[in-house]
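In my numbering, the protein residues as written are 132 to 415.
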């Protein structure tokens with residue numbers, strides 16, 4: 132069992148990096164990847180509708196890297212400890228490529244922000260409720276324009292060649308769990324998702340199946356949802372299952388149930404890091 136999307140007290144996680152590694156060992160994980168939210172790489176916009184407290188403070192980055200290396204060496208032979216970051220893409224000048232010089236084992240690339248030209252802040256957190264989402268829905272001409280913009284950001288991020296795992300590609304559905312904004316069965320929506328999968332295939336990016344909001348909010352499906360996973364299977368997408376957990380107790384949340392379900396959808400293997408940047412397929 133593996134998990135490459137794991138938060139710690141270096142960002143908005145509740146548990147120390149050491150405690151996370153010990154929890155993974157206790158559950159017989161073969162590997163654990165530490166991927167706290169990367170520090171902000173754009174100019175902070177001081178506005179009450181935005182929050183940045185969930186990101187790592189840049190001054191802590193050195194200690195984060197040092198501790199991960201220490202734990203990797205300390206627990207060698209018991210578990211593989213990989214050093215990563217969950218990094219945001221804003222535009223091609225502010226992308227996960229920023230972290231290439233830091234010697235990471237892998238990068239989870241995730242979209243949490245969308246660009247806006249109609250508000251004083253150039254980027255807004257699209258997965259937030261309230262004023263941010265209202266502004267973005269208006270700017271992008273409604274739900275269809277909104278989800279297409281989110282998927283375009285995923286594609287642009289993949290095309291930078293700077294990520295190894297695509298994080299929660301349809302996270303925006305946290306505000307669309309009951310199809311309040313659009314139907315997730317709409318052929319136009321599925322076609323837009325296909326473009327993301329095609330980009331991931333072209334650039335050898337592993338797509339994560341993320342159970343984080345199943346743990347935190349009781350959702351019944353992961354990100355991407357099962358319909359999209361089935362679509363990805365048909366396209367030959369490489370998947371891994373990650374918990375995106377913020378508490379060590381959730382390190383493998385719903386893994387057994389999700390793996391059982393995706394097997395019925397045609398997923399025959401999941402991908403695991405053998406060594407930094409080297410993936411191997413393991414039978415599900």
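C-beta: ideal position from N, C-alpha, C; glycine also.
Straight-line Cα distance separating residue j from residue i
i, j, result
"residue 382", "residue 137", "8 angstroms"
"residue 416", "residue 226", "Summary: the structure shown does not reach residue 416, with the chain confined to residues 132 through 415, and so no result is reported for it."
"residue 277", "residue 369", "26 angstroms"
"residue 344", "residue 402", "21 angstroms"
"residue 287", "residue 409", "23 angstroms"
"residue 347", "residue 377", "9 angstroms"
"residue 310", "residue 172", "33 angstroms"
"residue 207", "residue 336", "27 angstroms"
"residue 394", "residue 415", "7 angstroms"
"residue 365", "residue 272", "31 angstroms"
"residue 256", "residue 353", "20 angstroms"
"residue 384", "residue 174", "35 angstroms"
"residue 289", "residue 240", "8 angstroms"
"residue 363", "residue 189", "36 angstroms"
"residue 145", "residue 373", "17 angstroms"
"residue 328", "residue 321", "11 angstroms"
"residue 388", "residue 192", "35 angstroms"
"residue 249", "residue 204", "49 angstroms"
"residue 306", "residue 398", "27 angstroms"
"residue 308", "residue 176", "29 angstroms"
"residue 221", "residue 367", "28 angstroms"
"residue 167", "residue 139", "6 angstroms"
Cβ-Cβ distance between residue i and residue j below 8 angstroms
i, j, result
"residue 185", "residue 219", "no"
"residue 339", "residue 296", "yes"
"residue 316", "residue 359", "no"
"residue 489", "residue 313", "The chain is shown only over 132 to 415; residue 489 falls outside these bounds and no answer can be derived."
"residue 230", "residue 169", "yes"
"residue 199", "residue 212", "yes"
"residue 266", "residue 233", "no"
"residue 355", "residue 300", "yes"
"residue 223", "residue 291", "yes"
"residue 141", "residue 371", "no"
"residue 187", "residue 160", "no"
"residue 238", "residue 216", "yes"
"residue 210", "residue 154", "no"
"residue 282", "residue 326", "yes"
Bridge partners - residue i, DSSP secondary structure assignment
i, result
"residue 376", "137"
"residue 168", "217"
"residue 233", "Answer is none; residue 233 lacks a bridge partner."
"residue 341", "354 and 373"
"residue 410", "404"
"residue 211", "162"
"residue 222", "225"
"residue 241", "219"
"residue 256", "244"
"residue 286", "DSSP output for residue 286 lists no bridge partner at all."
"residue 296", "239 and 337"
CB-CB length for residue i against residue j, believed under 8 angstroms
i, j, result
"residue 285", "residue 242", "6 angstroms"
"residue 163", "residue 214", "So it is not a contact: roughly 11 angstroms between Cβ atoms."
"residue 379", "residue 150", "6 angstroms"
"residue 357", "residue 392", "6 angstroms"
Exposure label - residue i; buried when at least 16 CB within 10 Å
i, result
"residue 179", "exposed"
"residue 183", "exposed"
"residue 411", "exposed"
"residue 406", "exposed"
"residue 157", "exposed"
"residue 298", "buried"
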